[in-house]
Amino acid sequence: MRIFERAYFVKGIFFILNPASRSGKSGKLFEMLDRFVETENCGGVGVTEAPGHAEQLAREAVEQGYRALVSVGGDGTLNEVVNGIMALPAAERPAVGIYSSGTGGDFFRGLSERHVFPSGLDWLRQRREIPADVGLATFEYGTGKALQKKYFLNIADAGISGEVVRRVNASGKKYGAVEYLIATVASALQYKAPKVRLRWRDLMGSESAREMRLLLAVAANGPYFGGGMCIAPQALIDDGVFELMMAEKISYWTLLTRLPRVYFKQQLRHPKVSYARGAWFCIESLDGDMPLDLDGENLRARKVTFELLPRALRVMVPKC
12 MRIFERAYFV KGIFFILNPA SRSGKSGKLF EMLDRFVETE NCGGVGVTEA PGHAEQLARE
72 AVEQGYRALV SVGGDGTLNE VVNGIMALPA AERPAVGIYS SGTGGDFFRG LSERHVFPSG
132 LDWLRQRREI PADVGLATFE YGTGKALQKK YFLNIADAGI SGEVVRRVNA SGKKYGAVEY
192 LIATVASALQ YKAPKVRLRW RDLMGSESAR EMRLLLAVAA NGPYFGGGMC IAPQALIDDG
252 VFELMMAEKI SYWTLLTRLP RVYFKQQLRH PKVSYARGAW FCIESLDGDM PLDLDGENLR
312 ARKVTFELLP RALRVMVPKC
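For my numbering, count along the sequence shown from 1 and bump the result up by 11.
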C-alpha cells in the first residue's frame, strides 16, 4: 500500500488517487496532489493498487481521523470511496470531494452543472458541503444464495447498459465518451433482452408493477451515465427520489434513431419507454442472470432492488 502523508490533523484532506483511470493518465496528477498537500500542510495522498483498494483506503483514512476525502479518478473510484464509508454511522462519515479524471466522470458532470468548479484544487481552500442522496443496491443471484449489498452515488441500471459497460471496461477505457457510444451500438446488435418483472413504489408508498422484455431499466440519482448520456434530465442528487426509466426491447434501428436525444438532455420518447419517480425499484429477471451497471461497474444478478437513502452523504463543492 502506498500512502504519502505530509501532515495530519482532524479536519485534513485525504486524496485517493486511481493512477489507472483513463488509461493511466491520472498517475500524472500525483505531483500536483503532493504539492497541494505540502503547500497547504493539510493531509495525505493514497494511491490505489488494485480494484477495490480505494474502498480500503477510504476506511483507513477515516480511522486515522480524516474528515474529508477527495476521489481522484472516475466514477468507479468515487463509487469505491463511497462504499468505504457508508457502513459508518452518518455522523462519522467524512465529506467527499471529486477531482474527475476518469473515462466517464458522469457524477461530476451532473454536479458541475449546478456548481462551478474552477480548474485545479484551489477551490478546496474555500469549500462548502451539500447533502447528497445515496442508492443502496441489493443483489440476489439465485434461490438460497446470500444477498450482496452495494452503494451507488450516481446511477444503477439493468439491461443493455450492463453489457455496454462490460465492453468499455474490457477495452481499457482509452477514448472516453466515444468509447461508450461505440460500445452501445455494438451491444445493441447482440443484446438478448431478458423477460423481467419490474416493481416500484412512489413517494406515497403506492406500488406499481409490469413485465416486459427489457432493453433498459434505470434508477437515476444523477442525470448522466455512459460518458455523457443524459438518461434522466430531471434527476437531482438531493431531492430524495430516483428518476426511473423503463424501456422495453425495441428494434436496432429504432434505438439508433432515438439514441442522439440523450446527448441533448431529452427523454427517449417512444411508446415502449416510460418514466416514473420513486425511492424503491425492484427488477427481477425471469430468464436467469441479467447484466447490471452500478456507477460504471458491470455485474450480473437474477434480481436487484434499488433503495434511496436520502441525504446520506456530504459532498464538497466550491463555496462561491
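We put the beta carbon where it would ideally sit given N, CA and C, even for glycine.
Inter-residue Cα distance where the pair is residue i and residue j
i    : j    : result
I171 : P234 : 18 Å
E49  : G57  : 14 Å
I248 : G116 : 15 Å
L147 : A228 : 16 Å
P271 : R325 : 33 Å
H126 : F150 : 33 Å
L158 : K39  : 39 Å
G289 : A230 : 9 Å
E66  : R224 : 35 Å
R269 : V196 : 12 Å
R70  : G299 : 35 Å
R17  : G54  : Because R17 sits at a pLDDT of 37, beneath the cut-off of 50, its placement in the model cannot be relied upon, and the point is left open.
D45  : G84  : 16 Å
Y19  : F47  : At Y19 the pLDDT is 36, less than 50, meaning the model places this residue with poor confidence; the figure from the coordinates comes in the next sentence. In a straight line, the C-alpha of Y19 is about 14 Å away from that of F47.
A316 : G216 : It is Thr, not Ala, that sits at residue 316 in the sequence shown. Looking at the two C-alpha atoms, the distance is approximately 15 Å.
C241 : L279 : 10 Å
M301 : G173 : 8 Å
V175 : E308 : 10 Å
W291 : T88  : 25 Å
A220 : V207 : 11 Å
R311 : S296 : 11 Å
L132 : I109 : 10 Å
6 Å Cβ shell around residue i - same chain, five flanking residues per side excluded
i    : result
M12  : Below a pLDDT of 50, predicted positions are generally treated as unreliable, and M12, at 40, falls in that range; the measurement from the model is reported next regardless. Excluding residues within five positions, none has a Cβ falling inside 6 Å.
R322 : P142
Q137 : K330
G237 : Y191
Y162 : V93, N94, M97, V145, L147
T59  : N29, A65
F26  : L44, V56, V81, V83
P244 : P234, K276
D304 : D168, S172, G173, V176
G23  : C53, G54, Y77
Span of the beta strand (DSSP E) around residue i
i    : result
N180 : No beta strand (DSSP E) contains N180, which is instead part of the alpha helix (DSSP H) from 171 to 182.
L226 : 218 to 231
M257 : 253 to 259
N333 : As shown, the chain starts at 12 and ends at 331. That puts residue 333 outside it, with no answer to give.
T149 : 138 to 151
V273 : Here V273 belongs to no beta strand (DSSP E), and DSSP marks it neither H nor E.
I248 : Where I248 is concerned, there is no enclosing beta strand (DSSP E), given that its DSSP letter is neither H nor E.
Y77  : That residue, Y77, is in no beta strand (DSSP E); it is neither H nor E in DSSP.
S27  : In the sequence on display, residue 27 carries Ile and not Ser. Its beta strand (DSSP E) spans residues 24 to 28.
D304 : 301 to 305
V58  : 54 to 58
M111 : What sits at residue 111 in the sequence shown is Ser, not Met. Where S111 is concerned, the enclosing beta strand (DSSP E) stretches over 106 to 111.
Y162 : 159 to 163
Same chain, Cβ closer than 8 Å to residue i, five either side skipped, listed in chain order
i    : result
D250 : D144
Beta-carbon contacts of residue i that lie in its chain and below 7 Å, excluding the five residues immediately before and after
i    : result
V21  : Any reading at V21 must be qualified, since the residue scores a pLDDT of 37, below 50, and its modelled position is unreliable; the value itself is stated next. Taken in chain order, the residues that qualify are G76, R78.
R178 : A194, A197, S198
F128 : W134, P329
Identity of the residues DSSP links to residue i by a beta bridge
i    : result
P329 : R138
A287 : L255
W211 : S219, F292
S82  : I27, I109
M240 : F236
Endpoints, alpha helix (DSSP H) assigned at residue i
i    : result
F119 : 117 to 125
R280 : Note, R280: premise wrong, no alpha helix (DSSP H); not H, not E.
M97  : No alpha helix (DSSP H) contains M97, which DSSP labels as neither H nor E.
Hey, is the stretch 251 to 260 in contact with the stretch 274 to 286, meaning 3+ C-beta pairs nearer than 8 Å?
A contact is defined here as three or more CB-CB pairs under 8 Å, and the stretch 251 to 260 meets this definition with respect to the stretch 274 to 286.
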